[in-house]
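Heads up, the sequence shown stops at 341 in the UniProt record's numbering, and the numbers go up one at a time, no gaps.
Just so it is clear, CB atoms sit at the ideal spot from N, CA and C, and this is done for glycine as well.
For reference, the structure discussed in these notes is given below.
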Amino acid sequence: MTTTIFLIIAAVLGLGFLYEAWARSRDAKIWTHPGKLVDVGGHRLHVNAHGEGDVVVVFEADEGCWSTHWGRLPEDLGTVTASLAYDRGGLGWSEAGPPPRDAETLARELHQLLARLAPGQPAILVGHGTGAHILRAYAHRYPFETAGLVLVDPFHDGIGDRLRREQIPPATASPFLLSLSSLLASFGILRILQSKTSGNAALPLPERQRATLDALELNPRVRRGATEELVAEAQTLEYLRRIHESHEFPMRILASTETLSPDMVPPDFPLATYNRIWAEQSQAFLDLSSRAKRVLVEGSGHQLQLERPEVVMQAVLDVLDEVRALRMRPEGETESVSYGR
């Protein structure tokens, strides 16, 4: 009896594995990548580039997210200057990268990518959520190649301690559950369970982009990529606490006042307090640059780049104008800048 049960389970898993392989092959033909694949030393990253100009704007997505999550912003910005949105290793259409997938590693890969696509060009880096970690690591390692930063509802490394002091649980995914979902995805189980649902139905994106996200999120490679980033988060936070940051480039911090919505947390979760702390913690980013400005975006959730793309676009354009003005200033000329905190 035990042998029979084992054989049945093995047969079911085998069929699931074959079904998942067939489904991924089908998806690869339907949901083709819109950009190109660029080698960064051992693996290729997917890049969707638009426009041209003297400054390149780079879009860095949130943890477990990729270029599609930026909507039309990269394309719209391409009418003004060069812009590119890319997928980190293992996410979107990019090939898996080597561990650990911490901010320092990801910043090095971004640097390799820009060295191939925009060598010598000043870069304005736009990061959403935990993408801010990677941009801070990049600016620390490559300060002379960083022209400015725009942080979109960023995750600050100190918020975990603040939430613990307030006895509020963090609203983050579990590495164990993500690892389990990767395993289920490998045998087609996740695809079957989610065949009638969409985790992206609420996102203000065109139907095809939502369907693309749904399809790619079922890919075991993408699940593993997201898991590896989450597992490396502790290493990233420790790195950020060690580095000293004091920049003079233009910078904007866009903070949502309602980063979590009621449908994202249990009914008894202290939602209002969490959102207040998140918005307050964004003030700490003002210490990163003498040219930093912070904007509170009332009534917007964490997907600020999709819910209020015009606010993000204006922030990028403001930083772009400042960067160009600074580059045109005669050598040796200085300026005294002071922003209210």
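Q. Does the segment 10–19 come close enough to the segment 175–189 to have 3 or more Cβ pairs within less than 8 angstroms?
A. The answer is yes - the segment 175–189 touches the segment 10–19, with three or more Cβ pairs under 8 angstroms.
Q: Please name the residue in Lys293, Ala10, Arg191, Val222 whose C-alpha comes closest to that of Ser179.
A: Closest option to Ser179, Cα to Cα, is Val222.
**Q.** Residues near Ser338 by beta carbon distance below 7 angstroms, same chain, minus five either side
**A.** Only weak support is given to the placement of Ser338: the predicted model assigns it a pLDDT of 29, under 50, and the question is left unresolved by the model.
Q) In the structure shown, what three-state DSSP assignment does Lys29 receive? A) Shown here, Lys29 sits in a helix according to DSSP, grouped into three states.
(Q) Threshold first: 4 residues or longer. Then list the alpha helix (DSSP H) segments lying entirely within the segment 266–297, N to C. (A) Whole alpha helix (DSSP H) segments, 4+ residues: 271–281.
Q: Kindly indicate which three-state DSSP category Gly148 falls into: helix, strand or coil?
A: For Gly148, the secondary structure class from DSSP, reduced to helix, strand or coil, is strand.
(Q) Quick test of your reading: Ala61 and Gly131, contact by CB under 8 angstroms. State the CB separation rounded to the nearest angstrom. (A) So it is a contact: roughly 6 angstroms between Cβ atoms.
Q | Secondary structure of His244, DSSP reduced to three states | A | Residue state for His244 is assigned as coil, using DSSP reduced to three classes.
(Q) Tell me the residue span of the alpha helix (DSSP H) that contains Asp157. (A) DSSP places Asp157 in no alpha helix (DSSP H); its state is neither H nor E.
Q. According to DSSP, which residues form a beta bridge with Asp39?
A. Answer is Arg44.
**Q.** Chain-order list of residues whose beta-carbon lies under 8 angstroms from that of Arg210 (same chain, five-residue window excluded)
**A.** Shown here for Arg210: same chain residues with a beta carbon closer than 8 angstroms to its own, the five before and five after excluded, namely Ser198, Asn200, Ala201, Leu203 in chain order.
Q. Pairing CB atoms from the segment 104–119 with CB atoms from the segment 37–47, are three or more of them under 8 angstroms?
A. Short answer: they touch.
**Q.** Sub-8 angstroms separation of Gly90 and Glu258 beta-carbons
**A.** Contact flag unset, no.
Q: Tell me, please, which residues DSSP counts as bridged to Arg252.
A: Paired residue(s): Val150, Lys293.
Q.
Between the alpha carbons of Arg101 and Glu322, how many angstroms are there, rounded?
A. Arg101 and Glu322 have their C-alpha atoms spaced approximately 33 angstroms apart.
Q: Could you check the C-alpha separation between Ser83 and Ser174 for me, to the nearest Å?
A: Rounded to whole angstroms, Ser83 to Ser174 spans 33 angstroms at the Cα level.
Q) Is any beta-carbon of chain C found at less than 8 angstroms from that of Arg108? A) Looking for chain C here will not work: only one protein chain is present.
Q. Along the chain, where does the beta strand (DSSP E) that runs through Ile124 open and close?
A. First-last of the beta strand (DSSP E) with Ile124: 123–128.
**Q.** Contact set for Asn275: own chain, Cβ-Cβ below 7 angstroms, skip 5 residues either direction
**A.** Once the five neighbours on either side are set aside, the close Cβ partners of Asn275 are Thr257, Glu258, Thr259, Leu260.
(Q) Restricting to Cα atoms, I'd like to know which of Ser181, Glu166, Met251, Gly127 is closest to Arg88. (A) Arg88 has its Cα closest to that of Gly127, out of Ser181, Glu166, Met251, Gly127.
Q. Is the segment 243–250 close to the segment 314–328, with three or more CB pairs under 8 angstroms?
A. Contact check between the segment 243–250 and the segment 314–328: three or more CB pairs, one atom from each, fall below 8 angstroms, which counts as touching.
Q | Extent of the continuous beta strand (DSSP E) run through Leu260 | A | Per DSSP, Leu260 belongs to no beta strand (DSSP E) and is neither H nor E.
Q: Taking Ile134 and Ala103 to be in contact with their CB atoms under 8 angstroms, please state how far apart those CB atoms are, rounded to whole angstroms.
A: Rounded, the Cβ-Cβ distance is 5 angstroms, consistent with contact.
Q | Close-in-space but distant-in-sequence residues of the same chain around Val265 (CB under 7 angstroms, 5 per side omitted) | A | So the qualifying residues of the chain are Ala171, Leu271.
Q) Short check: CB of Arg191 to CB of Glu20, under 8 angstroms? A) Taking 8 angstroms as the cut-off, the Cβ atoms of Arg191 and Glu20 count as close.
Q. With a Cβ-Cβ cutoff of 8 angstroms, do Ser25 and Asn48 count as a contact?
A. It is not a contact, given that the beta carbons lie outside the stated cut-off.
**Q.** Spatial neighbours of Ser289 in its chain, beta-carbon cut-off 7 angstroms, leaving aside the 5 residues before and after
**A.** So the qualifying residues of the chain are His247, Glu248, Phe249, Met251.
(Q) Considering Cα atoms alone, identify which of Gly301, Glu217, Pro262, Glu280 is closest to Gly158. (A) Of Gly301, Glu217, Pro262, Glu280, the residue nearest in Cα terms is Glu280.
Q. Does DSSP put Leu73 in a helix, a strand or coil?
A. DSSP, read as helix, strand or coil, puts Leu73 in helix.
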